[in-house]
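K.L.:
Structure below; questions to follow.
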Amino acid sequence: MFNLLFSTSNQRKINSYTPLIKKISSFESRLEHLSDNELCSKTVEFKKKLYKGNTIEEILPEVFAVVREAGRRVLGLRVFDVQMMGAIILHQGKIAEMKTGEGKTLVATLAGYLNALSGEGVHVVTVNDYLARRDSEWVGQIHKFLGLSVGLIQQDLPKIERKLAYQCDITYVTNSELGFDYLKDNMVLSMSEIVQNKFAFCIIDEVDSILIDEARTPLIISGPSEAPVEKYSRTHLLSNILVKDLHYEVDEKARNIILTDKGTLFCEDQLIIDSLYDLEDPWVQYILNAVKAKELFIKDVHYIVRDNQVVIVDEFTGRIMSGRRWSDGLHQAIEAKEKVAIQQENQTYASITYQNFFLLYPKLSGMTGTAKTEEAELDKIYNLEVICVPTHKPLRRQELPDLVYSNEYRKWEAIADECYDMYRSGRPTLVGTTSVEKSELLSKLLMQYKIPHSLLNAKPENVEKESEIIAQAGRQSSVTIATNMAGRGTDIILGGNPNYIAKSILVDLLIGNTLVTKNLKLKQLSLRTQTSLNNMLNSLQEDLKQVSFSVLEIEKKISIACEQVSTSNNFEHKLRQAYQMILSEYTSIFSKEKIYVSQAGGLHVIGTERHESRRIDNQLRGRAGRQGDPGSSRFFLSVEDNLLRIFGGNRIADLMQALNVDNDTPMESTLLSKSLEEAQKKVEAYFYDTRKQVFEYDQVLNSQRQAIYAERRRILESGYPRDCVLQYAESTIDDIVKFWQASKENKTKSLNLNIKIKYLLNATDTFSISKELYGNPEELKKWIIEQVRINYDLREAYLEQIKPGLIRQLEKYYLLQQIDNAWKDHLQKMGALRDSIGWRSYGQQDPLVEYKNEAFNLFIEMITHVKHTVVYAILRSRLMIKND
């Protein structure tokens, strides 16, 4: 089994880490005898060694040994050798693939601490706010114990606190917050508003989810444009009367709509227009979006409607994405379909893809349970090697063959039957569904079977209970339905998670002021414990009356008290005692349940449909068989499932009919499973091509973005922006003189140049260029530049009299304002160019090459426009001074 999991080359790499792990272990006995203060002082010692010239590699063994010892003392957890291996892989700037439940969160602390010693800061990136907070509060204790500062970035965190968090040695942050902060930092008007420091080292948790799944969607900061919204309502009504396969075709593989010739003519007649493709008044994009909304975007699958708004559901994590909107008018088309308020289209102010954003880090690494299937893409785009780390204990999960049914409803009945069998046998069951709609369908079926179950999908009322649902999904006879299992952040422990339930009960009792006897979760506790707990809670509630804490502060105090081994704070000490009381009893209850569940066969995972990506299937399977536990997994499919239907479901249906297979009998075939895997590979290859295309096109924009952002930063950092303005002035004069030289009409060019320069300098009518200068363009340029400098000196002297330092502020404001406005317009032009460039392929031209050439010309035009506008604005502006 081991040889199947790890290729020979992977095994050789794993073996190469053995000597280093032995060296790390050799420090363990020495460090055990150190006091806490002596152990903490190691941080200062390591920093001194680096300052004196030692390399990080030289101090790595002792550093990792120190973190292992700190983890044992602070969290009561000892880092395994395979976790050490994962940490070395992270430090080397690679991806560590570690199975679910192998302790990836703890692995990041070792590589994070080691790289933070250089003082450049480490970013640990997670997929959601909950995981970032949990990791910073839990494993962040190790860093704090060793004397490093730990920062946490959460949504809606004020700018001052955000800046302080980024200045910490180790910062926990979500991928979206990190990316948006980068874009915002490149839109500010003063250095004091910048929150991020220079990028150094980044560890990405669930790296495949962020670098692969999210890579198709760029990060965009936008503002409302003035485009009208009436067209969305009209095209929605039109889409309802368009007939599929007559007026349009649906390409489900590419998720695209193609209008037929009949459809085009029909739409033009209905809208009473000459052409859908008129550049002055285009309609085609509105119609395509309306039909996409109708055919390809399904409520409770791709989005939900909440508070009269369309909210996107992340297809990979099953979570709602508040604040995110589909671009190019698609979101508005769906709003028209759902009859909610249609919001204005947005204009892009700044954007970047995740690919180009994370490539800004000199050193990048990541960890996940499922990256091997995408290693080619990770290597080509990010230059990241994937190394599979062996499990701490042998894997005991049974992967049962897929069962294929002839119709979908029979499949759901079979899943409900399987859940019933598992429920009766006492085995916990986890059912993975692909949408909110399907999860609710199964929930209704299980209600008919009278099977108690938990439902976890994108609906807000279910999301709030997410951690609690997952934490207790391993209890005896529990049945859990979840839309997706990526990045849930909580392990499914057989028998249940005593730590989580103890903390959850304590929160209920303190925040809800519930009596111990009335809390249903406490019914299993002994009367003696219930009495002691009641006395303890009365004392805690008296303390709470004296100090008013918010609900969030109470939750945080409970988290700290539960996770810290010792505390000097009296209130936290009482909290910890109450927590320990509940924990000790539930540990005993759950350990008995674990024995029973393990003997019954462990967690059973049911997949209700094959996902487009094998990784998502593997993430679901990976929930069973954690840390050497027993477990099993099986996928139930039907020929009506999306993947089977698109990739040859008809052929399978015909085969089942030919073999006289009745509706109740599933088909089990190794050949079928292999063909399904091939279909998944095709879909993965298609999405890879899509992401690669996004990356290649954004690479063109990225080089321009870097140039603009570098120029912005130069202006922001400059204490004397006059030099920038004069550089722009020289460039503008050069352009004017070149244009003058290129003019053909000799009689008019001297007059034109004189008027142009007079207008630029805002000079009087007496201004005139000497005729002798026209014969020598170089001398002419020097003379005009000298006039600009004289004019500028006079203007500066005048403004300095009004208010000292005013000219410097004006210079910076004009420079940044013109760059931002021009960049915003440039992004719009680049978007239009990209949308239209594909047609060049019909003329036997490479669209990407054409895009690069035209993008370069647009960029040069933009830069020239910025320089000219800044110079004209500063030299010709007139200040109106108000008298108070």
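Under our numbering, think of the first position of the sequence shown as 425, with each following residue one higher. C-beta atoms are modelled at their ideal positions from N, C-alpha and C, and glycine is treated no differently.
1) May I ask you to report which of helix, strand or coil DSSP gives Pro1201?
2) If you follow the beta strand (DSSP E) that Leu1017 is part of, which residue opens it and which one closes it?
3) If you count every other CB in all the chains shown that lies within 10 Å of the CB of Thr432, and 16 or more means buried, which is it?
4) Tell me which residue opens and which closes the alpha helix (DSSP H) that Ser1260 is part of.
5) Mind checking which residues open and close the beta strand (DSSP E) that includes Tyr829?
6) So, at 6 angstroms on beta carbons, what are the nonlocal neighbours of Glu1033 in its own chain, with the 5 sequence-adjacent residues on each side left out?
7) Under 6 angstroms Cβ to Cβ from Ala714, same chain only, skipping five residues before and after it: list those, please.
8) Please go through the same chain and pick out, in chain order, the residues whose beta-carbon is closer than 6 angstroms to the beta-carbon of Val855, but skip the five residues on each side of it.
9) Just how far apart, CA to CA, sit Lys718 and Tyr596?
10) Could you check where the beta strand (DSSP E) with Met791 kicks off and where it finishes?
11) Look at Ala489 and Phe451 and say whether their C-beta atoms are less than 8 angstroms apart.
12) What are the partner residues of Gln822, as DSSP defines its beta bridges?
13) My output table needs one value for Gly1340: the three-state DSSP class, helix, strand or coil.
14) Decide if Gly603 is buried, meaning its Cβ has at least 16 other Cβ atoms within 10 Å, or exposed.
15) Please report the straight-line C-alpha distance between His997 and Arg496, rounded to a whole angstrom.
16) In chain order, which beta strand (DSSP E) runs of at least 3 residues are fully inside the region 458–524?
17) Between which residues of its own chain and Gly1055 is the CB-CB distance below 6 angstroms, once the five residues before and five after are set aside?
18) Alpha carbon to alpha carbon, how far is Met1005 from Thr953? Give it in angstroms, no decimals.
19) Taking the alpha helix (DSSP H) that Gln709 belongs to, which residues open and close that run?
20) Where do the ends of the alpha helix (DSSP H) carrying Ala1297 lie?
21) Looking at C-beta atoms only, is the number of pairs between the region 772–788 and the region 625–644 that lie closer than 8 angstroms three or more?
22) Looking at C-alpha atoms only, which residue of Gln771, Met1286, Ser1015 and Ser614 is the closest neighbour of Gly920?
23) Quick check: what's the CA-CA separation for Trp1164 versus Leu1177?
24) What does DSSP give as the partner residue(s) for Glu673 in the beta ladder?
25) Work out the CA separation of Gly747 and Thr684 for me, nearest whole Å.
26) Please list, in chain order, all residues of the same chain as Asn780 whose beta carbon is under 6 angstroms from its beta carbon, the five residues on each side excluded.
27) Count the other CB atoms, across all protein chains shown, that sit within 10 Å of the CB of Arg1000; report buried if there are 16 or more and exposed otherwise.
28) Is Tyr844 helix, strand or coil when you go by DSSP?
29) In the DSSP assignment, find the unbroken alpha helix (DSSP H) run with Thr1190 in it and report its ends.
30) Look up Phe1264 in the DSSP assignment and say whether it is helix, strand or coil.
31) Thinking Leu534 and Thr467 are a contact (beta carbons under 8 angstroms), I'd like their distance in whole angstroms, please.
32) For Ile594, list the residues DSSP reports as bridge partners.
33) Where does Gln579 sit, in a helix, a strand or coil, going by DSSP?
34) Output the boundary residues of the alpha helix (DSSP H) element that contains Ala556.
35) Nearest-angstrom Cα distance between Ile711 and Ser1022?
36) Excluding sequence positions up to five away, which residues of its chain have a Cβ less than 7 angstroms from the Cβ of Thr1114?
P.N.:
By the coordinates alone:
1) By one-based count along the sequence shown, residue 1201 stands at place 777. Secondary structure at Pro1201: helix, using DSSP grouped into helix, strand and coil.
2) What you label residue 1017 is simply residue 593 of the sequence shown in a count that begins at 1. Residue identity differs from the one stated: residue 1017 is Glu in this sequence, not Leu. Element bounds for Glu1017: not the beta strand (DSSP E) but the alpha helix (DSSP H), Asn994 to Ala1024.
3) Reading the sequence shown from its first residue, position 8 is the one you call residue 432. Exposed is the call here.
4) The residue labelled residue 1260 in the question sits at position 836 within the sequence shown. Residues Leu1230 to Ile1261.
5) As a first step, residue 829 must be located in the sequence shown, where it is residue number 405. Run containing Tyr829: Leu827 to Tyr829, per the beta strand (DSSP E) assignment.
6) As a first step, residue 1033 must be located in the sequence shown, where it is residue number 609. Thr858 and Asp1065, listed in sequence order.
7) Position 290 of the sequence shown, counted from the first residue, corresponds to residue 714. The beta carbon of Ala714 is closer than 6 angstroms to those of Thr659, His660, Ser663 and Ala757 in its chain, skipping five residues each way along the sequence.
8) The residue you call residue 855 lines up with position 431 of the sequence shown. Excluding its 5 nearest sequence neighbours in each direction, Val855 has C-beta neighbours in its own chain below 6 angstroms: Ile905 and Ile1030, listed in chain order.
9) As a working note, residue 718 is residue 294 in the sequence shown. As a working note, residue 596 is residue 172 in the sequence shown. One alpha carbon belongs to Lys718, the other to Tyr596, and they sit about 40 angstroms apart.
10) By 1-based counting over the sequence shown, the position of residue 791 is 367. Residues Lys787 to Thr792.
11) Here residue 489 corresponds to residue number 65 of the sequence shown, with the count starting at 1. Here residue 451 corresponds to residue number 27 of the sequence shown, with the count starting at 1. With a cutoff of 8 angstroms on beta-carbon distance, Ala489 and Phe451 are scored as near each other.
12) Numbered from 1 along the sequence shown, position 398 holds the residue referred to as residue 822. Paired residue(s): Ser1056.
13) With the chain represented from 425 up to 1308, any question about residue 1340 goes unanswered, as that position is not in the structure.
14) Within the sequence shown, the letter at position 179 stands for residue 603. Gly603 comes out buried.
15) Here residue 997 refers to the residue found at position 573 of the sequence shown. Here residue 496 refers to the residue found at position 72 of the sequence shown. Cα atoms of His997 and Arg496: separation of roughly 20 angstroms, rounded to the nearest angstrom.
16) Within the region 458–524, the complete beta strand (DSSP E) runs of at least 3 residues are 519–521.
17) Taking the first residue of the sequence shown as position 1, residue 1055 is located at position 631. Closer than 6 angstroms at Cβ, skipping near neighbours: Arg821, Gly1026, Leu1027, Ala1048 and Gly1049.
18) Position 529 of the sequence shown, counting from 1, holds the residue named residue 953. Position 581 of the sequence shown, counting from 1, holds the residue named residue 1005. Whole-angstrom Cα-Cα distance: 7 angstroms.
19) For the purposes of this step, residue 709 is taken as the residue at position 285 of the sequence shown. For Gln709, the enclosing alpha helix (DSSP H) begins and ends at Val708 to Glu719.
20) As a first step, residue 1297 is located in the sequence shown; it is residue number 873 there, counting from the start. Note, Ala1297: alpha helix (DSSP H), Pro1271 to Arg1300.
21) Because the criterion of three Cβ pairs below 8 angstroms is met, the region 772–788 and the region 625–644 touch.
22) Counted from its first residue, the sequence shown places residue 920 at position 496. Comparing Cα-Cα distances from Gly920 to each of Gln771, Met1286, Ser1015 and Ser614, the minimum goes to Ser1015.
23) Within the sequence shown, the letter at position 740 stands for residue 1164. Within the sequence shown, the letter at position 753 stands for residue 1177. Approximately 7 angstroms between the Cα atoms of the pair.
24) Translated into positions along the sequence shown, residue 673 becomes position 249. Paired residue(s): Ile682.
25) As a working note, residue 684 is residue 260 in the sequence shown. As a working note, residue 747 is residue 323 in the sequence shown. Between the alpha carbons of Thr684 and Gly747 lies a distance of about 35 angstroms.
26) Residue 780 sits at position 356 when you count from the first residue of the sequence shown. Hits under 6 angstroms: Asp1122 and Asn1126.
27) For the purposes of this step, residue 1000 is identified with residue 576 of the sequence shown, where counting begins at 1. Buried, because 16 or more other Cβ atoms sit within 10 Å of the Cβ of Arg1000.
28) Counted from its first residue, the sequence shown places residue 844 at position 420. Correct three-state label for Tyr844: helix.
29) Against the sequence shown, residue 1190 aligns to sequence position 766. Taken as a continuous stretch (DSSP letters only), Thr1190 belongs to no alpha helix (DSSP H), as it is neither H nor E.
30) By 1-based counting over the sequence shown, the position of residue 1264 is 840. A quick correction: the sequence has Arg, not Phe, at residue 1264. Helix, per DSSP.
31) Taking the sequence shown and counting its residues from 1, one reaches residue 534 at position 110. Taking the sequence shown and counting its residues from 1, one reaches residue 467 at position 43. 14 angstroms between Cβ atoms; not a contact.
32) Position 170 of the sequence shown, counted from the start, is the residue given in the question as residue 594. According to DSSP, Ile594 bridges with Val546 and Val574.
33) Locating residue 579 in the sequence shown gives position 155, counting from the first residue. Looking at Gln579 - three-state DSSP - the assignment turns out to be coil, as it is neither helix nor strand.
34) Taking the sequence shown and counting its residues from 1, the one referred to as residue 556 is at position 132. For Ala556, the enclosing alpha helix (DSSP H) starts and ends at Asp553 to Trp562.
35) Counting from 1 along the sequence shown, the entry for residue 711 is found at position 287. Counting from 1 along the sequence shown, the entry for residue 1022 is found at position 598. Taking the straight line from one Cα to the other gives about 56 angstroms.
36) In the sequence shown, residue 1114 corresponds to position 690, counting from 1. For Thr1114, where only same-chain residues beyond five positions count, the Cβ hits under 7 angstroms are Arg640.
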